[in-house]
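In the working numbering, the protein residues as written are 381 to 519. Backbone N, C-alpha and C fix where the C-beta goes; we use that ideal spot for every residue, glycine too. Here is the structure we will look at.
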Amino acid sequence: AENLFLITNSVNMRLALWVGIGGFMGSIVRYLLSKYIFSQAGSAFPWATLAVNLSGCFIIGLLIGWFARCENLSAEVRMFLTVGFCGGFTTFSTFASESLLLLKAGEWLNFSLYTVISVTCGIALTALGSFIALSVRNG
Numbered sequence: 381a382e383n384l385f386l387i388t389n390s391v392n393m394r395l396a397l398w399v400g401i402g403g404f405m406g407s408i409v410r411y412l413l414s415k416y417i418f419s420q421a422g423s424a425f426p427w428a429t430l431a432v433n434l435s436g437c438f439i440i441g442l443l444i445g446w447f448a449r450c451e452n453l454s455a456e457v458r459m460f461l462t463v464g465f466c467g468g469f470t471t472f473s474t475f476a477s478e479s480l481l482l483l484k485a486g487e488w489l490n491f492s493l494y495t496v497i498s499v500t501c502g503i504a505l506t507a508l509g510s511f512i513a514l515s516v517r518n519g
């Protein structure tokens, strides 16, 4: 039983390492793309974030289709690309992917709840966090 635990932990650590490497790369690509778009747009509208979020959705959609066609891809490759790279690039792509899965499964109520709660509570909690941080006095 102890040997099984060590094997399971090494597999989990290997996957975690692939996720971390993918996240590192996705974050760098997000930073560079955002910086480039911001330098070109020169607007108060958050074009860079919008472009990253939408391109992340497109990328994860391509990956979902590719994974469906290539069933022999390893867990490491799948985790590196989706949880790692796309997760580091934008978590909005994961939100969109999960929403699509709910729609495909005919889970209309869960889809509606998930999207409405995610968007409204996400904005509300961002505002609350900002309010709390601004309310805390230094020293």
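Taking the C-alpha atoms as reference points, what is the distance between Leu480 and Thr495?
11 Å
CB contact flag (Val463, Val409, <7 Å)
no
Starting from Leu453, trace the alpha helix (DSSP H) both ways and give me its first and last residue.
Premise fails: Leu453 is in no alpha helix (DSSP H) and is neither H nor E.
Straight-line CA distance for Gln420 to Thr470?
21 Å
Between the alpha carbons of Glu478 and Phe404, how many angstroms are there, rounded?
22 Å
In three-state DSSP terms, what is Val409?
helix
Beta-carbon gap between Ser473 and Gly509 smaller than 7 Å:
no
Residue environment, Phe438, which counts as buried when at least 16 other CB atoms sit within 10 Å:
exposed
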